[in-house]
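Residue numbers (the numbering used here): 14 to 302. Cβ atoms here follow ideal geometry from the backbone N, Cα and C, with glycine treated the same way. In this text the structure is predicted, and so the values were computed from the model without any measurement.
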Amino acid sequence: MLRAAGRAGAEVRQRVALERLLVERGRVCGALVREEGRRVEIRARVVVGADGLNSLVARELGVARQGRLRRLALVAHLEGVAGTGDVGEMFARRGRYVGMAPIGRGLVNVAAVVPGTEAPRIARDPEAFFAAELRAVPELARRLAGARTVREVMITGPFARRSRRVVVDGALLVGDAADFYDPFTGEGIFAALRGGALAAEAIAGALAAGEATAAALRPYVAARRRAFLGKWVLERIVAHGAACPLVMRRFTRRLAARTRVADLWVGAAGDSVPVRALFAPRQLAALMI
Ligand SMILES: Cc1cc2nc3c(=O)[nH]c(=O)nc-3n(C[C@H](O)[C@H](O)[C@H](O)COP(=O)(O)OP(=O)(O)OC[C@H]3O[C@@H](n4cnc5c(N)ncnc54)[C@H](O)[C@@H]3O)c2cc1C
14 MLRAAGRAGA
24 EVRQRVALER
34 LLVERGRVCG
44 ALVREEGRRV
54 EIRARVVVGA
64 DGLNSLVARE
74 LGVARQGRLR
84 RLALVAHLEG
94 VAGTGDVGEM
104 FARRGRYVGM
114 APIGRGLVNV
124 AAVVPGTEAP
134 RIARDPEAFF
144 AAELRAVPEL
154 ARRLAGARTV
164 REVMITGPFA
174 RRSRRVVVDG
184 ALLVGDAADF
194 YDPFTGEGIF
204 AALRGGALAA
214 EAIAGALAAG
224 EATAAALRPY
234 VAARRRAFLG
244 KWVLERIVAH
254 GAACPLVMRR
264 FTRRLAARTR
274 VADLWVGAAG
284 DSVPVRALFA
294 PRQLAALMI
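As structure tokens, then:
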């Protein structure tokens, strides 16, 4: 992507850290960044905040908002996990879950997602907390007996972030900086890429017409809603359903017995099937009866 951006005429500068936005007369007009130890001002007709879950751009704009489901994730790469194939696996318990995905060369990406109230215990010893989370799932305890962590445990969160506004005069937000609910459905990369494309269209339109004011960037808000409304609904249903073992057990048993419906749910989570297809009366009946 970086190479493609360069070929398209963009000047790509890496290892540049945003320190704060430049704002004049209520309008974002650039950024103050740290580059090779120096502070540099970059002036811009529009600033795109694509700086992830804890977006400094969203915080500087005063639009960052924390929802109630404040889960955290501990993520590590493990080798020597027994019984992995080429599929992702999820192990749900009450209010928490573990996700595993093979990433090649015998490595497995393992994420333990837990309630935010666990933060003090995690802070005391993240590695021990992570190991205990995995051992608490009987199947994992067995399969991870000979496994080894090859990259330190990283912690991210809290999730359920949603910016109150995604466009302001001179700036807009994309990807996790705009919203991120929960990793269970694993749609964040698609949303970031698709959101980037929608943002590019809106910016091009606004600049062609004059200035990138909030009003001129507004088509981006509507385009995001059209593109992501189904995803927003699905990720909330799944994130809350996954917290309840009884619901999860019934749901996964039904899906196991009805592979066509299961394919639809996986397709919707993978953004290849519209979410409304899940709520067609026939599909709902297949889940309930
Ligand atoms: C445990 C877990 C599992 C997940 N699994 C999946 C999955 O299977 N599939 C999927 O599609 N999604 C998954 N996601 C979600 C996905 O990782 C994110 O939604 C996606 O990476 C968002 O992309 P982004 O570009 O918006 O943000 P990020 O990928 O977070 O990128 C933000 C970038 O901004 C940079 N940055 C931040 N602050 C500054 C600053 N001040 N100055 C300069 N640069 C800065 C960061 O260094 C980073 O490079 C998962 C998330 C978690 C937590």
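Practice problem: Could you pull out every unbroken beta strand (DSSP E) segment of at least 3 residues lying fully inside the region 98 to 171, listed in chain order? | Solution: 102 to 106, 109 to 117, 120 to 127, 167 to 169
Should residue 202 be listed as close to ligand 3, given that the test is whether its C-beta is under 6 Å from any heavy atom? By its list of ligands, the structure shown excludes ligand 3, since it contains just ligand 1.
> Any contact of the region 160 to 173 with the region 74 to 88, i.e. 3+ C-beta pairs under 8 Å?
Replying inline: yes
- Message: Quick check: the Cα distance between residue 192 and residue 186, rounded to an integer number of angstroms?
- Response: Along the sequence shown, one-based indexing puts residue 192 at 179. Along the sequence shown, one-based indexing puts residue 186 at 173. Roughly 9 Å between the two C-alpha positions.
Do the region 230 to 237 and the region 210 to 220 touch if we need at least three Cβ pairs shorter than 8 Å? yes
DSSP beta-bridge partners of residue 27: Counting from 1 along the sequence shown, the entry for residue 27 is found at position 14. According to DSSP, residue 27 bridges with nothing at all.
| query | Quick one, which of 178, 70, 283, 125 has its alpha-carbon nearest residue 237's? | reply | Translated into the one-based positions of the sequence shown, residue 237 becomes position 224. Each of 178, 70, 283, 125 was checked against the Cα of residue 237, and the nearest Cα belongs to 178.
- Message: DSSP three-state label for residue 299, please.
- Response: Translated into positions along the sequence shown, residue 299 becomes position 286. If DSSP states are grouped into helix, strand and coil, residue 299 belongs with the helices.
If I'm right that residue 274 touches residue 300 with Cβ under 8 Å, what's the distance once you round it to whole angstroms? Mapped onto the sequence shown, residue 274 falls at position 261. Mapped onto the sequence shown, residue 300 falls at position 287. 6 Å between Cβ atoms; contact.
When you compare the region 67 to 80 with the region 31 to 40, are there three or more beta-carbon pairs, one atom per stretch, that lie closer than 8 Å? When Cβ pairs closer than 8 Å are counted between the two stretches, the region 67 to 80 is seen to touch the region 31 to 40, the count reaching three or more.
With C-beta atoms as the reference, is residue 114 less than 7 Å away from residue 101?
Your numbering for residue 114 matches position 101 in the sequence shown. Your numbering for residue 101 matches position 88 in the sequence shown. Contact: yes.
- Query: How should residue 135 be labelled, buried or exposed, when 16 other C-beta atoms within 10 angstroms of its C-beta is the threshold for buried?
  - Reply: On the sequence shown, residue 135 is found 122 positions in, with the first residue counted as 1. Result: buried.
Practice task
Would you list the residues sitting across from residue 62 in a DSSP beta bridge?
Solution key: Counting from 1 along the sequence shown, the entry for residue 62 is found at position 49. Paired residue(s): 186.
Neighbour-count burial assignment, residue 121, 16 or more Cβ in a 10 Å radius
For the purposes of this step, residue 121 is identified with residue 108 of the sequence shown, where counting begins at 1. Buried, by the Cβ-count rule.
Query raised in the report: On the premise that residue 182 lies in contact with residue 41, defined as a C-beta separation below 8 Å, what is that separation, rounded to the nearest angstrom?
Result: Counting from 1 along the sequence shown, the entry for residue 41 is found at position 28. Counting from 1 along the sequence shown, the entry for residue 182 is found at position 169. Contact flag correct, Cβ pair sits at about 7 Å.
Worksheet entry | Segment limits, beta strand (DSSP E) that includes residue 51 | By 1-based counting over the sequence shown, the position of residue 51 is 38. That run of the beta strand (DSSP E) goes 51 to 56.
Task: Residues of its chain near residue 96, where Cβ-Cβ distance is below 8 Å and the 5 sequence neighbours each way are ignored - done: If you number the sequence shown from 1, residue 96 lands on position 83. Only 156 meet the Cβ criterion.
**Request:** With DSSP collapsed to three states, give me the class of residue 179.
**Result:** Sequence index remark: in the sequence shown, residue 179 carries index 166 (1-based). Residue 179: coil per DSSP, three-state reduction.
**Request:** Could you tell me the boundaries of the alpha helix (DSSP H) in which residue 206 lies?
**Result:** Start at 1 with the first residue of the sequence shown, and residue 206 comes out as number 193. It spans 201 to 222 - the alpha helix (DSSP H) in which residue 206 sits, taken as one unbroken run.
- [ ] Please confirm whether any heavy atom of ligand 1 lies closer than 6 Å to the CB of residue 215.
- [x] The count along the sequence shown starts at 1 and reaches residue 215 at position 202. The answer is no for residue 215.
Closest Cα partner of residue 152 within the set 198, 202, 111
For the purposes of this step, residue 152 is taken as residue 139 along the sequence shown, with counting starting at 1. With distances taken between Cα atoms, residue 152 lies closest to 111.
> Rounded to a whole number of angstroms, what is the C-alpha to C-alpha distance between residue 257 and residue 58?
Replying inline: Within the sequence shown, the letter at position 244 stands for residue 257. Within the sequence shown, the letter at position 45 stands for residue 58. Their backbone Cα atoms lie some 47 Å apart in a straight line.
ask   = Per DSSP, residue 282 forms a beta bridge with which residues?
value = Along the sequence shown, read from residue 1 onward, the residue named residue 282 stands at position 269. Note: residue 282 sits in no beta bridge, so no partner.
Of the choices 272, 107, 245, whose alpha-carbon is the least far from that of residue 188? Within the sequence shown, numbered from 1, the residue matching residue 188 stands at position 175. Of 272, 107, 245, the residue nearest in Cα terms is 245.
Any heavy atom of ligand 1 inside 6 Å of the beta-carbon of residue 151? Along the sequence shown, read from residue 1 onward, the residue named residue 151 stands at position 138. Every heavy atom of ligand 1 is 6 Å or more from the Cβ of residue 151, so no.
Verify the contact flag: residue 287, CB atom, against every heavy atom of ligand 1, threshold strictly below 6 Å.
Sequence index remark: in the sequence shown, residue 287 carries index 274 (1-based). Flag unset: Cβ of residue 287 not near ligand 1.
Count the other CB atoms within 10 Å of the CB of residue 89; is the residue buried (16 or more) or exposed (fewer)? If you number the sequence shown from 1, residue 89 lands on position 76. It counts as buried.
- Message: Applying the 10 Å Cβ sphere with the 16-neighbour rule, what's the burial state of residue 287?
- Response: The count along the sequence shown starts at 1 and reaches residue 287 at position 274. Exposed, because fewer than 16 other Cβ atoms sit within 10 Å of the Cβ of residue 287.
With DSSP collapsed to three states, give me the class of residue 96.
Here the question's residue 96 lines up with position 83 in the sequence shown. Of the three classes helix, strand and coil, the one that applies to residue 96 here is coil, per DSSP.
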